[in-house]
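S.K.:
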Amino acid sequence: MVVMSTTHTQEALKILLCAADDSFFRVPSTNPRNTYTVLRCHTRNRRTRCKVDILVPPLLNIPLIPAEKVEWDGPSGVPVMPVVTPLAEAAGMGRPSPVALRR
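Numbering follows numbering that gives the first Met the number 0, with no gaps: position 85 of the sequence shown is 84.
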(Lines of atoms letter the chains of each structure in order from A and count residues from 1; the text may use other names and numbers.)
(Lines give C-alpha, C1' and ligand atoms only; values in the text may rest on other atoms or scores of the structure.)
Protein backbone atom coordinates (compact mmCIF):
# COMPACT_ATOMS: atom_id res chain seq x y z
CA MET A 1 0.00 0.00 0.00
CA VAL A 2 1.44 3.35 -0.99
CA VAL A 3 0.27 6.19 1.22
CA MET A 4 0.82 9.74 0.06
CA SER A 5 1.51 11.48 3.35
CA THR A 6 4.21 13.77 4.58
CA THR A 7 2.78 14.00 8.09
CA HIS A 8 2.35 10.34 9.12
CA THR A 9 5.04 7.77 9.86
CA GLN A 10 4.60 4.19 8.72
CA GLU A 11 3.87 3.09 12.29
CA ALA A 12 1.27 5.86 12.74
CA LEU A 13 -0.43 4.78 9.51
CA LYS A 14 -0.54 1.17 10.73
CA ILE A 15 -2.26 2.32 13.92
CA LEU A 16 -4.77 4.42 11.91
CA LEU A 17 -5.62 1.48 9.64
CA CYS A 18 -6.09 -0.90 12.56
CA ALA A 19 -8.37 1.59 14.32
CA ALA A 20 -10.44 2.19 11.17
CA ASP A 21 -10.85 -1.41 10.00
CA ASP A 22 -10.76 -4.52 12.18
CA SER A 23 -9.49 -6.66 9.30
CA PHE A 24 -6.08 -5.00 9.85
CA PHE A 25 -3.92 -5.95 12.81
CA ARG A 26 -0.30 -5.54 13.90
CA VAL A 27 2.13 -8.19 15.11
CA PRO A 28 5.66 -7.78 16.49
CA SER A 29 8.54 -8.30 14.09
CA THR A 30 10.07 -11.77 14.16
CA ASN A 31 13.43 -10.11 14.78
CA PRO A 32 13.49 -8.98 18.43
CA ARG A 33 15.93 -6.15 17.55
CA ASN A 34 13.38 -4.47 15.29
CA THR A 35 11.21 -1.83 16.89
CA TYR A 36 8.55 -1.78 14.18
CA THR A 37 5.40 -3.86 13.95
CA VAL A 38 4.27 -5.86 10.93
CA LEU A 39 0.86 -5.01 9.50
CA ARG A 40 -1.36 -7.93 8.53
CA CYS A 41 -4.83 -8.12 7.04
CA HIS A 42 -7.47 -10.83 7.25
CA THR A 43 -9.02 -11.80 3.93
CA ARG A 44 -12.78 -11.63 3.52
CA ASN A 45 -13.34 -15.17 4.73
CA ARG A 46 -11.00 -14.56 7.72
CA ARG A 47 -9.33 -17.93 7.11
CA THR A 48 -6.18 -16.45 5.64
CA ARG A 49 -4.16 -13.34 6.28
CA CYS A 50 -1.59 -11.43 4.30
CA LYS A 51 1.24 -9.06 5.07
CA VAL A 52 0.67 -5.42 4.17
CA ASP A 53 3.61 -3.15 3.40
CA ILE A 54 3.09 0.57 3.76
CA LEU A 55 5.26 2.71 1.53
CA VAL A 56 5.48 6.45 2.14
CA PRO A 57 7.32 8.84 -0.22
CA PRO A 58 10.26 9.20 -0.67
CA LEU A 59 10.83 5.59 0.43
CA LEU A 60 12.14 3.52 -2.53
CA ASN A 61 12.25 6.76 -4.56
CA ILE A 62 8.46 6.87 -4.70
CA PRO A 63 7.50 10.39 -5.74
CA LEU A 64 5.00 12.45 -3.79
CA ILE A 65 1.90 12.62 -6.00
CA PRO A 66 -0.11 15.88 -6.00
CA ALA A 67 -3.20 15.72 -3.75
CA GLU A 68 -5.64 16.18 -6.65
CA LYS A 69 -4.42 12.88 -8.16
CA VAL A 70 -4.83 10.93 -4.92
CA GLU A 71 -7.99 9.09 -3.89
CA TRP A 72 -9.10 9.50 -0.28
CA ASP A 73 -10.15 6.30 1.46
CA GLY A 74 -13.49 6.94 3.16
CA PRO A 75 -13.37 4.74 6.30
CA SER A 76 -9.84 5.56 7.40
CA GLY A 77 -9.43 9.02 5.88
CA VAL A 78 -6.01 7.98 4.56
CA PRO A 79 -4.89 9.28 1.14
CA VAL A 80 -4.20 6.32 -1.17
CA MET A 81 -3.65 5.47 -4.84
CA PRO A 82 -2.95 2.34 -6.90
CA VAL A 83 0.57 1.07 -6.25
CA VAL A 84 1.44 0.65 -9.94
CA THR A 85 1.69 4.37 -10.73
CA PRO A 86 4.26 5.43 -8.13
CA LEU A 87 6.22 2.17 -8.35
CA ALA A 88 6.52 2.50 -12.12
CA GLU A 89 7.74 6.06 -11.61
CA ALA A 90 10.19 4.98 -8.92
CA ALA A 91 11.48 2.16 -11.10
CA GLY A 92 12.19 4.66 -13.88
CA MET A 93 9.98 2.96 -16.44
CA GLY A 94 10.62 4.50 -19.82
CA ARG A 95 13.99 5.95 -18.81
CA PRO A 96 17.37 4.32 -19.34
CA SER A 97 18.84 2.77 -16.21
CA PRO A 98 22.00 4.27 -14.66
CA VAL A 99 23.79 0.98 -15.40
CA ALA A 100 22.91 1.21 -19.09
CA LEU A 101 24.13 4.80 -19.22
CA ARG A 102 27.56 3.82 -17.79
CA ARG A 103 28.28 1.36 -20.63
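Every residue, glycine too, gets a C-beta built ideally from N, C-alpha and C.
Taking the C-alpha atoms as reference points, what is the distance between Glu-10 and Thr-29?
M.R.: Put simply, the backbone Cα of Glu-10 is about 16 Å away from that of Thr-29.
S.K.: What are the boundary residues of the beta strand (DSSP E) that Lys-50 is part of?
M.R.: 48–51
S.K.: Can you list, in chain order, the stretches of the beta strand (DSSP E) that have 3 or more residues and sit fully within the stretch 1–32?
M.R.: 23–27
S.K.: Do Thr-36 and Lys-50 have their beta-carbon atoms positioned less than 8 Å apart in this structure?
M.R.: no
S.K.: Going by C-alpha distance, which of Asp-20, Ile-61 and Pro-31 is nearest His-41?
M.R.: Asp-20
S.K.: Going by C-alpha distance, which of Thr-5, Glu-67 and Phe-23 is nearest Arg-48?
M.R.: Measuring C-alpha to C-alpha distances from Arg-48 to each of Thr-5, Glu-67 and Phe-23 identifies Phe-23 as the nearest.
S.K.: If Val-26 and Arg-39 are in contact, beta carbons under 8 Å, what's the gap, nearest whole angstrom?
M.R.: 6 Å
S.K.: Whole angstroms are fine: how far does the CA of Cys-17 sit from the CA of Arg-43?
M.R.: Distance between the alpha carbons of Arg-43 and Cys-17: 16 Å.
S.K.: How long is the line joining the alpha carbons of Thr-110 and Ile-61, rounded to whole angstroms?
M.R.: The requested residue 110 does not occur in the structure, where the chain is confined to residues 0 to 102.
S.K.: Write down the C-beta distance between Met-3 and Ile-64 rounded to the nearest angstrom, noting that I regard them as a contact closer than 8 Å.
M.R.: 5 Å
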